[in-house]
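Structure, as structure tokens:
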Amino acid sequence: MSGRLFDTSGPCLYTIPPQADFLRVLATTLRDEFDAAGDPDSLTRLLILTPTRRAAKALGDVFAELAGNGVALLPLIRPIGDVDVDDPPFEPGELAGLAAPAISIERRRYELARLILAKESALGRPLGVGGALALSDSLAALLDDLATEDVRDLSDLQDAVTTYLPADRREAVEFIDIVQRVWPERLAELGLTDTAARRSLVLHELVDRWTRQPPDHPVLVVGSTGSIPAARKLMQVVANLPQGAVVLPGFDWDADASAWNSIEDDHPQWAMKTLVEELGVDRATLPSWPGAAEDNLAERRRRLIAEALRPADTTDEWLKRIGELEERFGDSFFNDGMTGLTLVETADEISEARACALMLREVLETPDRTAILVTPDRMLARRVSAEMTRFGVRLDDSGGAALAETMAGAFLTRLLDVARDCGSVVALTALWGSPLFRAGHRRGLTHTVLAKFEAEALRGARPGRDLTAVRARLDGKYVKLFDEDRATINAILDQLDTALTGLVTTGRRPARDWARAHAEAAEALASDDSGSGAQAVWAGEGGEAAAGLLRSLLEESEALPEMSLTEYAAAFGEMCRSRRVAPRLGVHPRLQVLGPLEARLITADRVILAGLNEGVWPPGPGADPWLSPGMRRTVGLGAPERRYGLAAHDFAQLAAAPDVIMTRSGKSEGSPTVASRWLWRLKTLARGALGKAADTAFAPETDYAALSRRLDDPGAPPRAAPRPQPAPPVSVRPRQMSITEIRTWVRDPYSIYARHVLGLRRLDPADMPPDARERGSALHDALETVVPTWTAGIPDDAVNQLVAHAEVKLTEAGFGPEEMVLERARFERAASWLIGWEAERRARGIHLDKVEIFGSMPFEGPAGPWTLTGRSDRFDRHPDGRLDIIDYKTGGSASAKSIKAGFDPQLPLTAAMAAAGAFEALETGEAAGLYYISLPGNAGGGKEVRIDGGRNPDVTSYVEGALADLTGWIARFDDETMPYESQIRAQYVNDYGDFDHLARRGEWGSAAEGSSEGEA
59 MSGRLFDTSG
69 PCLYTIPPQA
79 DFLRVLATTL
89 RDEFDAAGDP
99 DSLTRLLILT
109 PTRRAAKALG
119 DVFAELAGNG
129 VALLPLIRPI
139 GDVDVDDPPF
149 EPGELAGLAA
159 PAISIERRRY
169 ELARLILAKE
179 SALGRPLGVG
189 GALALSDSLA
199 ALLDDLATED
209 VRDLSDLQDA
219 VTTYLPADRR
229 EAVEFIDIVQ
239 RVWPERLAEL
249 GLTDTAARRS
259 LVLHELVDRW
269 TRQPPDHPVL
279 VVGSTGSIPA
289 ARKLMQVVAN
299 LPQGAVVLPG
309 FDWDADASAW
319 NSIEDDHPQW
329 AMKTLVEELG
339 VDRATLPSWP
349 GAAEDNLAER
359 RRRLIAEALR
369 PADTTDEWLK
379 RIGELEERFG
389 DSFFNDGMTG
399 LTLVETADEI
409 SEARACALML
419 REVLETPDRT
429 AILVTPDRML
439 ARRVSAEMTR
449 FGVRLDDSGG
459 AALAETMAGA
469 FLTRLLDVAR
479 DCGSVVALTA
489 LWGSPLFRAG
499 HRRGLTHTVL
509 AKFEAEALRG
519 ARPGRDLTAV
529 RARLDGKYVK
539 LFDEDRATIN
549 AILDQLDTAL
559 TGLVTTGRRP
569 ARDWARAHAE
579 AAEALASDDS
589 GSGAQAVWAG
599 EGGEAAAGLL
609 RSLLEESEAL
619 PEMSLTEYAA
629 AFGEMCRSRR
639 VAPRLGVHPR
649 LQVLGPLEAR
659 LITADRVILA
669 GLNEGVWPPG
679 PGADPWLSPG
689 MRRTVGLGAP
699 ERRYGLAAHD
709 FAQLAAAPDV
719 IMTRSGKSEG
729 SPTVASRWLW
739 RLKTLARGAL
749 GKAADTAFAP
759 ETDYAALSRR
769 LDDPGAPPRA
779 APRPQPAPPV
789 SVRPRQMSIT
799 EIRTWVRDPY
809 SIYARHVLGL
819 RRLDPADMPP
829 DARERGSALH
839 DALETVVPTW
849 TAGIPDDAVN
859 QLVAHAEVKL
869 TEAGFGPEEM
879 VLERARFERA
889 ASWLIGWEAE
899 RRARGIHLDK
909 VEIFGSMPFE
919 GPAGPWTLTG
929 RSDRFDRHPD
939 GRLDIIDYKT
949 GGSASAKSIK
959 AGFDPQLPLT
969 AAMAAAGAFE
979 ALETGEAAGL
989 YYISLPGNAG
999 GGKEVRIDGG
1009 RNPDVTSYVE
1019 GALADLTGWI
1029 ARFDDETMPY
1039 ESQIRAQYVN
1049 DYGDFDHLAR
1059 RGEWGSAAEG
1069 SSEGEA
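The numbering used here puts the first residue of the sequence shown at 59, with every later residue one more than the last.
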């Protein structure tokens, strides 16, 4: 070692300019100084302290790369905040009494949640375990701040508490004061210590040790600004060691006196200014690290960024500074400084993500070129990662994804959703859709049969409250499944029922018991025909993280109170959402997405600074539930402005790279955004110097915003799809329809085409709440079952009979007890009216003949036989043998006008079938009347609506017209040139439009709005 690195007259301080590759320059110089090529062992005596773990790993990688094919014996590299008492420079066990092992993150959450729950319980305020765990994070952050700043009591707040603080803040201060006394005692019981407090203890011990006895080996602190008090003290000691040096990142040694003297907490140089002044070093004489050369463009960029971020109190000097800078560096100062610094502003956050993806993808076109995208906006980072998948690239995202978003986390969460509500089809299908759900069978088989089961039997109203009700759907009369599939589904449901046994229990249990049952259920349901599912659940990035979370619940959650399944699910969900899982496999080696902290000392050929909006970068102050900004200042904690200063330093370092693209979106979630204060300052300064040319200077050579818009641009103006006119061969057209389908055929032939020719059917949403359809079905069932039994006369308890039967059906349909109160009253009113109506008809000699009978009627079309089928609600017989055709309605009924026009031919066609003997169970008879019996259960109870007679045509006219219309429609569509058009009537349209989306009605319907359609 030459020794020149430490040969200084005072504290040994260096700086590396921000545009230099910090770690590479550092490592290269150290290898030269210690002659690592000739003596590979020489670097092993060196201790290097870095600001972050990622920086430590990156520095080790650089040393290994520089060693090439030779022996790579590395220095001892440690994060400055993570020096362990059992690692060098300490001897194993030497300081065992100084600092107990650090408490794990999860155990600390549980312990702090216990204190929060105790406080809320004492105040009579209910709070769930999940809510307490969410609050524990902010409380833990506050305890870390107190330990970092060496704040040991809150006595300075006592006067404020008794004078002007509001009640909620007084309560918070009193609680924190209690926590500060109780928490150390609890940690002592556990034999543990807080991570931040432990870090401070270790750093203070290093300060004391190295002050008394300097180490006999070189020590370097690199890349740290000294923002943490304990770290700053250590840096001061290292700078004064015989073989010690501190290397500062981007120190602004040549700032003008006005700016330097005005630096406060919110400035990027604040921490380093404090360090330099405490060491008594003249900033103007602070040297650059050997080998850290700064070319002209780099120096101009550094000064440009520094001027843009100068203290707010001195920005009135910008015009003067512009002149001074141009005098010092030449008239091209601003153009030179902005070379390689560009800005892309997009309309919204989605466009910003696409533009960033294009910037990253462009880098891959050049071999060995690298890029990093730096943003604190996790949603933006996720969007960029998603956009990169269109190029087949998986990004290395340091923030990762929430555990809940991984395959294992989602599987475990969905499992709890099912356990809490076993009858929910939404919860069940979400669980069944997980790739991990196998339930003792091959995944392909399990997925296939459950998909059939869901489509055939589980759509519409929810089955019930448990798996028994779900299983009962297998026996539905309209469910078409192979016997082998039924057997497989039953076996899967058996496995699911068995696996959930440990979770579907009432009462309260410790978290560890819930976690054990949770893990066992997951392994059982992830097992296939080859054995246990443990390897499937706990493998991979998400599986390992999920295993760690459940392990902490099993081993460290004794502080949490006993809880119900719902509370356990809420607590597990909260922890799943807060735990991050970083990708490890399959990521691209030349691209990274980093947060500002992770990006410290990391360099790349292209740096993208994304999300530069106020409140995002720098982040907003946030809502601290414990201490306000004023209270933090009172007790000596760092003001929120200090965080702005740290964020500004990160931005200044990154913005000095040779190729920097800054991005922001004009809107976020539909609301306008405000540009980041740093970006605003840069633009203001540039416009003051360059005028309108500043916008050109900021513009990138490639218009990424325009390219992002073209990614999904079809290349032509949008053109509405035409109305579909499918005309299939007659041989595949339907030769049989039901009476109710005739209504659809007349109004919307395309629906008939989709249903009968394409074989499609509408799938109802899952877990539909019971409503009018279920109410109508219950009414029809009651009338069909109960009324025919009154052959000897209407009984005295007729109303009760109808209501009791309807109640059973309504309960089966999913109506709850609270809804049944209203439904019972509705049915009582309808039943009372119906009985009066029934009595009046019987008095006239009209009696019920048949209910709910099926019939079919043949027709002869041009292309061959054609059949009309139908099921009638009710036939009543007159003394002369004629029939009343009756249809029950709980909602609206068709008008005489629409029936006459042929758009609702149900009753006339039913009458025609009855006259033709189409119903085998019914004696033939001519129609006497066509009736809708409306039973809405309102104040009137019900109403008889007769279609024929009076001002309306007689029954014969209706029947003859309906038969003529039907015969005409059969003939029309037996011509293969006749298309099945969609919604052909302007007035009488299909109310439901099951296949409107398939027909793209939203396109051609909007285009034709205002045009007239005939009523053929």
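Note that CB positions come from ideal geometry on N, CA and C, so glycine has one too.
Simplified DSSP assignment, three categories, for Arg167 | The DSSP-derived three-state label of Arg167 is helix.
Any 3 or more C-beta pairs closer than 8 Å across the region 853-864 and the region 962-982 = Taking a contact to require three or more Cβ pairs closer than 8 Å, the region 853-864 and the region 962-982 do not qualify as touching.
Can you tell me where the alpha helix (DSSP H) with Met417 in it begins and where it stops?
-> Here the alpha helix (DSSP H) through Met417 covers 407-421.
Output the distance between the C-alpha atoms of Thr546 and Ala594, rounded to the nearest integer angstrom.
-> Approximately 22 Å between the Cα atoms of the pair.
Are there 16 or more other CB atoms within 10 angstroms of the CB of Ala584, so buried, or fewer, so exposed?
-> By the Cβ-count criterion, Ala584 is buried, with 16 or more other Cβ atoms from all chains shown falling within 10 Å of its own Cβ.
Whole-Å CB distance - Glu445 paired with Arg412, under 8 Å assumed | Approximately 5 Å separates the beta-carbon atoms of Glu445 and Arg412; this is inside 8 Å, confirming the contact.
Which residue from Gly600, Arg609, Asp586, Asp587 puts its Cα closest to that of Asp571?
-> Nearest of Gly600, Arg609, Asp586, Asp587 to Asp571, Cα basis: Arg609.
Output yes or no for whether 8 Å exceeds the beta carbon distance between Asp806 and Ser636.
-> Not a contact, by the Cβ cut-off of 8 Å.
Inter-stretch contact at 8 Å, needing at least 3 Cβ pairs: the region 652-665 / the region 416-429 | Yes, the region 652-665 is in contact with the region 416-429.
Cβ neighbours of Gly1076 in the same chain (closer than 7 Å, five flanking residues each side left out) | Look at the range of the chain in this structure, 59 to 1074, and you will see that residue 1076 is not part of it.
Is there contact between the region 384-402 and the region 697-710, where contact requires at least three CB pairs shorter than 8 Å?
-> A contact between stretches requires three or more CB pairs, one per stretch, nearer than 8 Å, and the region 384-402 fails this requirement with the region 697-710.
Return the Cβ separation of Leu63 and Glu91 in integer angstroms, given the expectation that the two are a contact with Cβ distance under 8 Å.
-> In this structure Leu63 is in contact with Glu91, their Cβ atoms being roughly 6 Å apart against a cut-off of 8 Å.
Exposure of Leu188, with buried meaning 16 or more beta-carbon neighbours within 10 Å = Inspection of the sequence shows that residue 188 is occupied by Gly rather than by Leu. Looking at its Cβ environment, which holds 16 or more other Cβ atoms inside 10 Å, Gly188 is buried.
Boundaries of the alpha helix (DSSP H) in which Thr1025 is found, first to last residue = Its alpha helix (DSSP H) spans residues 1013-1031.
Gly600 to Phe1031, Cα distance in whole Å?
-> Taking the straight line joining both Cα atoms gives about 57 Å.
Exposed or buried, which one is Phe977 when buried takes at least 16 other CB atoms within 10 Å?
-> That one is buried.
Alpha-carbon spacing of Pro137 relative to Tyr702, whole angstroms = Taking the straight line joining both Cα atoms gives about 23 Å.
Three-way DSSP call (helix, strand, coil) for Asp454 in this model | The three-state reading of DSSP puts Asp454 in strand, counting E and B together.
For the beta strand (DSSP E) that contains Leu649, what are its first and last residues?
-> Taken as a continuous stretch (DSSP letters only), the beta strand (DSSP E) holding Leu649 covers 649-652.
CA-CA distance, Glu1071 and Ile1042?
-> With a pLDDT of 38 at Glu1071, under the threshold of 50, the modelled position of this residue cannot be trusted, and the question is left open.
Quick one: which unbroken alpha helix (DSSP H) runs of 4-plus residues sit fully inside the region 323-406? Chain order, please.
-> Listed in chain order, the complete alpha helix (DSSP H) runs (minimum 4 residues) inside the region 323-406 are 328-337, 354-366, 376-387, 391-395.
Is the region 190-206 touching the region 252-265 in the sense that three or more CB pairs, one from each, lie closer than 8 Å?
-> Contact holds: three or more Cβ-Cβ distances are below 8 Å.
Per DSSP, what kind of secondary structure is Asp761 in: helix, strand or coil?
-> Coil.
Within its chain, find whatever has a CB closer than 7 Å to the CB of Gly560; leave out the 5 residues flanking it on each side and keep chain order.
-> Answer for Gly560: Ala575, Glu578, Ala579, listed in chain order.
Tell me whether Ile163 is buried or exposed, calling it buried when 16 or more other Cβ atoms sit within 10 Å of its Cβ.
-> Under this definition Ile163 is an exposed residue.
Among Arg700, Arg801, Met633, Leu743, nearest to Leu191 - alpha-carbon criterion = Minimum Cα distance to Leu191 is reached at Met633.
So, helix, strand or coil for His905, using DSSP?
-> Strand.
To which residues does DSSP link Val718 through a beta bridge?
-> According to DSSP, which records beta bridges pairwise, Val718 is partnered with Leu399, Val665.
Where Ala628 falls: helix, strand or coil (DSSP) | Assignment of Ala628 by DSSP, reduced to helix, strand and coil, places it in the helix class.
Take the Cβ of Pro853 as the centre, count every other Cβ of all protein chains shown within 10 Å, and call the residue buried at 16 or more, exposed below.
-> Pro853 comes out exposed.
Entirely enclosed alpha helix (DSSP H) segments - the region 860-918, minimum 4 residues = The DSSP assignment places complete alpha helix (DSSP H) segments of no fewer than 4 residues inside the region 860-918 at 875-901, in order along the chain.
Per DSSP, Leu926 is paired with what?
-> DSSP, once it has assigned bridges, lists Met795, Met915 as partnering Leu926.
Grouping DSSP H, G and I as helix and E and B as strand, with all else coil, what is Glu1039?
-> Assigned with DSSP and collapsed to three states, Glu1039 falls in coil, not helix or strand.
Go to Asp945, then tell me how far its alpha helix (DSSP H) extends in each direction, as first and last residue.
-> For Asp945, there is no enclosing alpha helix (DSSP H); the enclosing beta strand (DSSP E) has its first and last residue at 941-947.
Just curious, the alpha helix (DSSP H) that Val507 is in, first and last residue?
-> First-last of the alpha helix (DSSP H) with Val507: 501-511.
Could you give the DSSP three-state label for Ser726: helix, strand or coil?
-> Ser726 falls in the strand class under three-state DSSP.
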